[in-house]
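S.K.:
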Amino acid sequence: MAKHQSSPESASSQDANSQDANHTLEPFFVLHKAQPQATVVEKVSRSGKGRKKGTKSSPKSPEKSKRTTSDEQPSNTLYEQWRFKAFNEIWSLIQSNIEGVLRDINLKLFNEVLQWVEDSFSEIKSNVKLSSSEIQQPYPLVADTLFRKIPTAFVLTKNAEFVDDIQTFCDLGSHLKSNRCHVANMSALDFSLKYGIGGSVRSLLRQLHSEPLDGKIADMFTLAKWYCENNNKPIVVMIDDMECCNADVLGNFIAMLSEWVMKIPIFFIMGVATTIEAPKNMLPSDALQHLDPCKLTLGTPSDRMNSLVESVLVEVCYCFSLGHEVSVFLRNYFLRHDGTITSFISALKLACSKHFSLESVSFLCLCMLDQDSEERWSEKFVYLPESMKRCILNLHSCKREKNLQGDVGSIIQLLSDLKASQRCWSSVVLCLFEVARHSKMQFLDIFCEATDPEVYCMNNSDNSSKEHFKCRDKNSTERSSSGVASLTRVIHTIREMPVAALSNLLDKWNNHTEEMTEINEEIEKLQSLLASVNEGKVYEENLHNIRNRKSLSVLSGKGNSPNEKVAMLLDAMIRKYMKSIECMTLHEIICFRDVDVLRSALIGDPRKTIQLDLLKCHSYLSCSCCSSDAKSLSPSMHDTSIMYKLAQEYGDVINLYEWYQSFKTVLSSASHTPRKRGRPSPASKKAKPSPASETEALIQARFCGAVTELQISGLLHMPTKRRPDFIQRIAFGL
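Each residue of the sequence shown is one higher than the last, beginning at 1 in the UniProt record's numbering.
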């Protein structure tokens with residue numbers, strides 16, 4: 001019982017020791033999260049420690065610290081939660097749209113492949129009818145060469161990088177499995193020279209068998225026995241990238257399966273990235289004669305990109321949009337980086353995450369998804385403090401408005417106008433896309449020009465139509481890869497369209513502009529005009545420049561042709577409704593414009609970033625123990641940061657011994673700091689100093705760890721046998 005008893009003095013000493021441990025930074029403290037300054041002051045004031053003589057304490061400081069901690073800190077956390085929730089919901093909407101678009105694009109190909117498998121399987125079953133005992137015989141059937149050919153579908157992907165087609169082949173396999181097919185997804189690793197044909201057969205059986213193959217021989221007899229248990233279903237072997245396989249191993253695999261194709265109906269689906277002639281150039285001739293080829297083509301990356309731009313960047317632009325510079329950067333990133341949809345989607349997700357992490361009021365965009373957005377905004381503004389309302393009014397777009405009122409009603413009205421304007425902008429851009437389909441233009445070029453604020457300002461100038469488009473042609477070399485402005489090409493395409501195509505175009509415009517009553521009426525008038533032209537009636541009308549009229553009517557004047565009237569209607573729609581998001585008030589809530597942040601995150605300079613992080617570690621930790629001076633050193637800093645700052649004193653070669661001594665001096669400075677005057681605690685009297693050898697070993701271990709981290713980061717070379725006492729620096733300057 002004596003062991004469990006403790007005196008009040010020992011209890012108080014333990015409390016004091018625990019409080020000292022909470023606020024004391026040990027020399028080997030590596031990473032720590034700084035507490036808010038107000039919380040630290042409050043804890044110190046409650047701890048009962050004596051303060052220095054001559055210091056004055058203000059009675060208002062504790063109250064101020066409590067207000068700071070209780071009001072602003074929880075509210076900031078709440079705003080972060082709102083922004084995180086908004087990002088998750090917005091990106092889940094975008095992600096579902098992306099998956100739906102890609103699924104719809106590939107659905108036609110999936111149905112073609114399924115029909116081809118069913119027809120080939122029916123043909124094989126009609127020619128050869130075998131019993132289960134005949135199938136399980138451990139030798140192939142002797143048949144004519146014609147019946148030993150394996151039906152093979154070569155899917156031309158037209159992608160230099162196969163990363164886009166990985167998900168496509170996975171979806172194709174799921175589609176075939178749902179339609180009573182056995183599917184084995186095999187990759188180039190299954191046809192490597194290291195494992196040979198035995199590894200290929202084992203990989204095939206592993207994917208078809210529901211049970212593990214432990215103790216079983218991976219051969220064709222095992223596959224035939226398994227097929228008898230799962231009869232009347234074709235076996236589809238999918239090879240995602242045939243050109244990366246070893247030609248000899250794949251050829252032997254094809255020759256072996258061809259001997260069993262009458263017993264086991266097997267079908268090949270092989271992805272070809274370059275040309276359809278690649279299998280003929282790659283596979284041996286004896287393997288090619290065992291294949292019955294069929295050519296299928298996957299959608300091109302440009303077609304997929306057009307569909308993504310239409311469904312993701314335009315149709316849901318009222319909840320998240322991109323600025324002009326960001327749009328141009330993403331277009332160039334797609335064209336010049338690797339041309340894959342996967343990289344574009346990753347960059348788009350990064351832009352979305354950066355928007356919600358950097359913009360403090362971005363959580364308000366979540367109300368854009370509701371039909372009654374004004375009611376949701378009213379409920380949201382009830383809980384917003386005055387500081388957040390001032391933050392909204394201090395946005396750059398709000399400062400441009402001279403007559404802006406600061407009440408909640410005016411802010412909600414501006415948000416409603418922003419949503420309505422984006423819907424009209426989306427409808428006009430979709431109409432432009434319908435014309436671009438006819439001339440095979442890239443939607444991304446049109447999107448970049450539609451988001452340009454300068455184009456909107458030029459569209460609302462007083463110049464005539466011809467001068468306006470000529471000026472746009474000269475200044476648009478950077479906006480379009482062809483050197484001709486996209487909007488100008490769209491107008492020119494309408495003027496050259498046949499009447500039948502023009503009629504179909506107006507039908508699609510009518511669907512896109514259902515919410516725009518004025519535009520819808522003009523489209524219906526043009527449709528009736530085209531119907532009259534088709535009946536043989538001739539209208540001799542002269543077109544009038546509608547830019548000087550407030551009305552959108554193109555039939556009030558006289559024109560030469562219906563094509564010119566449709567072109568003038570589109571030009572009027574562009575001028576009135578295609579207002580760039582960056583020209584709208586409160587666009588910061590839904591629009592991401594910081595292209596420098598996105599560029600540094602995607603491309604960036606990792607070595608420079610590492611150097612800056614090591615030199616300015618105090619700006620990330622925000623602790624009170626480390627000095628804000630970038631040149632000063634503190635024992636509580638990260639070991640790697642201390643080592644790299646010490647390395648700045650050397651040239652291209654660093655002496656290991658001197659470097660270690662400097663590092664040891666910095667760490668030892670904490671133990672030599674002068675103690676404060678006061679009564680020492682009982683715990684400090686009982687504490688025994690650690691041996692010098694143990695401290696030396698700890699410092700050496702930390703030194704070696706920091707040097708290894710710098711070497712892994714690519715900032716220096718390790719010592720060589722010729723000069724074991726020196727380390728060479730790699731990175732210099734920033």
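We treat Cβ as the ideally placed atom computed from N, Cα and C, and that holds for glycine.
Quick caveat, the model's predicted, so the values are computed rather than measured.
State whether the segment 245–254 contacts the segment 182–199, with contact taken as three or more CB pairs (one from each stretch) at a distance under 8 angstroms.
M.R.: yes
S.K.: Going straight from the alpha carbon of Lys-525 to that of Val-435, what length do you get?
M.R.: Looking up residue 525 in the sequence shown gives position 525. Looking up residue 435 in the sequence shown gives position 435. Straight-line Cα distance between these residues: approximately 19 angstroms.
S.K.: Select from Pro-635, Met-643, Met-584 and Cys-625 the residue whose C-alpha is nearest the C-alpha of Asp-613.
M.R.: Along the sequence shown, read from residue 1 onward, the residue named residue 613 stands at position 613. Closest by alpha carbon: Met-643.
S.K.: Where does Met-270 fall in DSSP's three states?
M.R.: For the purposes of this step, residue 270 is taken as the residue at position 270 of the sequence shown. When DSSP states are grouped into helix, strand and coil, Met-270 belongs to the strand group.
S.K.: Kindly indicate which residue of Ser-360, Ile-269 and Arg-437 has the alpha-carbon position closest to the one of residue 738.
M.R.: The chain is shown from 1 up to 734; residue 738 falls before or after that span and cannot be answered.
S.K.: Could you name the residues of the same chain whose beta carbon sits closer than 6 angstroms to that of Pro-265, not counting the 5 residues immediately before and after it, in chain order?
M.R.: Here residue 265 refers to the residue found at position 265 when the sequence shown is read from its first residue. Phe-121, Ile-124 and Pro-234.
S.K.: Strictly by DSSP, which residues pair up with His-638?
M.R.: As a position in the sequence shown, residue 638 is number 638, starting the count at 1. In the DSSP assignment, no residue is bridged to His-638.
S.K.: Beta strand (DSSP E) containing Thr-297: first to last residue?
M.R.: Reading the sequence shown from its first residue, position 297 is the one you call residue 297. For Thr-297, the enclosing beta strand (DSSP E) begins and ends at 291–297.
S.K.: Under 6 angstroms Cβ to Cβ from Met-718, same chain only, skipping five residues before and after it: list those, please.
M.R.: On the sequence shown, residue 718 is found 718 positions in, with the first residue counted as 1. Cβ neighbours of Met-718 beyond the five flanking positions: Gln-711.
S.K.: Taking the alpha helix (DSSP H) that Ala-255 falls in, what are its first and last residues?
M.R.: For the purposes of this step, residue 255 is taken as the residue at position 255 of the sequence shown. Residue range 247–258 is occupied by the alpha helix (DSSP H) that includes Ala-255.
S.K.: Roughly how many angstroms lie between the CA atoms of Met-262 and Asn-106, to the nearest whole one?
M.R.: Working through the sequence shown from its first residue, we reach residue 262 at position 262. Working through the sequence shown from its first residue, we reach residue 106 at position 106. Straight-line Cα distance between these residues: approximately 31 angstroms.
S.K.: Less than 6 angstroms between the CB of Leu-348 and some heavy atom of the ligand GDP, yes or no?
M.R.: As far as ligands go, the structure on display features none, and thus does not contain the ligand GDP.
S.K.: Rounded to the nearest angstrom, how far is the Cβ of Ile-654 from that of Ile-727, given a contact under 8 angstroms?
M.R.: Numbered from its first residue, the sequence shown carries residue 654 at position 654. Numbered from its first residue, the sequence shown carries residue 727 at position 727. 5 angstroms between Cβ atoms; contact.
S.K.: List the whole-angstrom C-beta distance separating Gln-422 from Tyr-318, where the pair is believed to meet the contact cut-off of C-beta under 8 angstroms.
M.R.: Position 422 of the sequence shown, counting from 1, holds the residue named residue 422. Position 318 of the sequence shown, counting from 1, holds the residue named residue 318. Contact flag correct, Cβ pair sits at about 4 angstroms.
S.K.: Which residue comes first and which comes last in the beta strand (DSSP E) that contains Gln-728?
M.R.: Within the sequence shown, residue 728 is the residue found at index 728, counting from 1. Gln-728 -> beta strand (DSSP E) spans 726–729.
S.K.: With DSSP collapsed to three states, give me the class of Asn-185.
M.R.: Here residue 185 is taken as the residue at index 185 of the sequence shown, counted from 1. Reduced to three states, the DSSP call for Asn-185 is strand.
S.K.: May I ask which residues mark the beginning and end of the alpha helix (DSSP H) holding Pro-151?
M.R.: Position 151 of the sequence shown, counted from the first residue, corresponds to residue 151. Not the alpha helix (DSSP H): Pro-151 falls in the beta strand (DSSP E), residues 150–156.
S.K.: Should Asn-306 go down as buried or exposed, given a rule of 16 or more other Cβ atoms within 10 Å for buried?
M.R.: In the sequence shown, residue 306 corresponds to position 306, counting from 1. When all chains shown are included, Asn-306 counts as buried.
S.K.: According to DSSP, what are the bridge partners of Leu-716?
M.R.: Counted from its first residue, the sequence shown places residue 716 at position 716. DSSP links Leu-716 through a beta bridge to Arg-729.
S.K.: Thinking C-beta only, is Ile-494 closer than 7 angstroms to Ala-572?
M.R.: The residue you call residue 572 lines up with position 572 of the sequence shown. The residue you call residue 494 lines up with position 494 of the sequence shown. No, these two residues do not count as a Cβ contact at 7 angstroms.
S.K.: In terms of residues, what are the limits of the beta strand (DSSP E) holding Met-238?
M.R.: In the sequence shown, residue 238 corresponds to position 238, counting from 1. From DSSP, the beta strand (DSSP E) with Met-238 extends over 235–239.
S.K.: CB-CB under 6 angstroms to Thr-300, same chain, minus the five flanking residues each way: which ones, in chain order?
M.R.: The sequence position of residue 300 within the sequence shown is 300, counting from 1. Contacts found: Lys-158.
S.K.: Using the rule of at least 16 other Cβ atoms within 10 Å of the residue's Cβ for burial, across every protein chain shown, is His-587 buried or exposed?
M.R.: Looking up residue 587 in the sequence shown gives position 587. Buried, by the Cβ-count rule.
S.K.: The beta strand (DSSP E) that contains Ile-276, what's its start and end?
M.R.: Here the question's residue 276 lines up with position 276 in the sequence shown. From DSSP, Ile-276 is part of no beta strand (DSSP E); its letter is neither H nor E.
S.K.: Counting Cβ pairs closer than 8 angstroms, one from the segment 349–369 and one from the segment 82–95, do we hit at least three?
M.R.: yes
S.K.: So what does DSSP say about Cys-591, is it helix, strand or coil?
M.R.: On the sequence shown, residue 591 is found 591 positions in, with the first residue counted as 1. Cys-591 falls in the strand class under three-state DSSP.
S.K.: Classify Ser-200 as buried or exposed, calling it buried when 16 or more other Cβ atoms lie within 10 Å of its own Cβ.
M.R.: Within the sequence shown, numbered from 1, the residue matching residue 200 stands at position 200. Classification of Ser-200: buried, given that the 10 Å Cβ count is 16 or more.
S.K.: Per DSSP, which residues does Ile-345 bridge with? Please list them.
M.R.: Here residue 345 refers to the residue found at position 345 of the sequence shown. Paired residues: none, contrary to the question.
S.K.: Can you give the Cα-Cα distance for Asn-231 and Met-256, rounded to whole angstroms?
M.R.: Counting from one through the sequence shown, the residue named residue 231 turns up at place 231. Counting from one through the sequence shown, the residue named residue 256 turns up at place 256. Going from the Cα of Asn-231 to the Cα of Met-256 covers about 21 angstroms.
S.K.: Identify the residues that DSSP records as bridge partners of Val-653: which are they?
M.R.: For the purposes of this step, residue 653 is taken as residue 653 along the sequence shown, with counting starting at 1. The partner list for Val-653 (beta bridge, DSSP) reads Gln-728.
S.K.: Excluding the 5 residues flanking Gly-406 on each side, which residues of the same chain have their C-beta closer than 7 angstroms to its C-beta?
M.R.: By 1-based counting over the sequence shown, the position of residue 406 is 406. Leu-393.
S.K.: Among Leu-204, His-182 and Glu-379, which one has its Cα closest to the Cα of Ala-188?
M.R.: What you label residue 188 is simply residue 188 of the sequence shown in a count that begins at 1. It is Leu-204 whose Cα lies nearest to the Cα of Ala-188.
S.K.: On the criterion of 16 or more Cβ atoms from any shown chain inside 10 Å, does Phe-443 qualify as buried, or is it exposed?
M.R.: On the sequence shown, residue 443 is found 443 positions in, with the first residue counted as 1. Phe-443 comes out buried.
S.K.: Are the CB atoms of Ser-426 and Lys-513 within a distance shorter than 7 angstroms?
M.R.: Here residue 513 corresponds to residue number 513 of the sequence shown, with the count starting at 1. Here residue 426 corresponds to residue number 426 of the sequence shown, with the count starting at 1. One detail in the question is off: residue 513 reads as Thr in this sequence, not Lys. Not in contact: Thr-513 and Ser-426 (Cβ atoms no closer than 7 angstroms).
S.K.: Any contact between the segment 650–668 and the segment 696–713? By contact I mean 3 or more CB pairs, one from each, below 8 angstroms.
M.R.: yes
S.K.: Kindly confirm or deny that the segment 98–117 and the segment 286–304 touch, where touching means at least three C-beta pairs closer than 8 angstroms.
M.R.: yes
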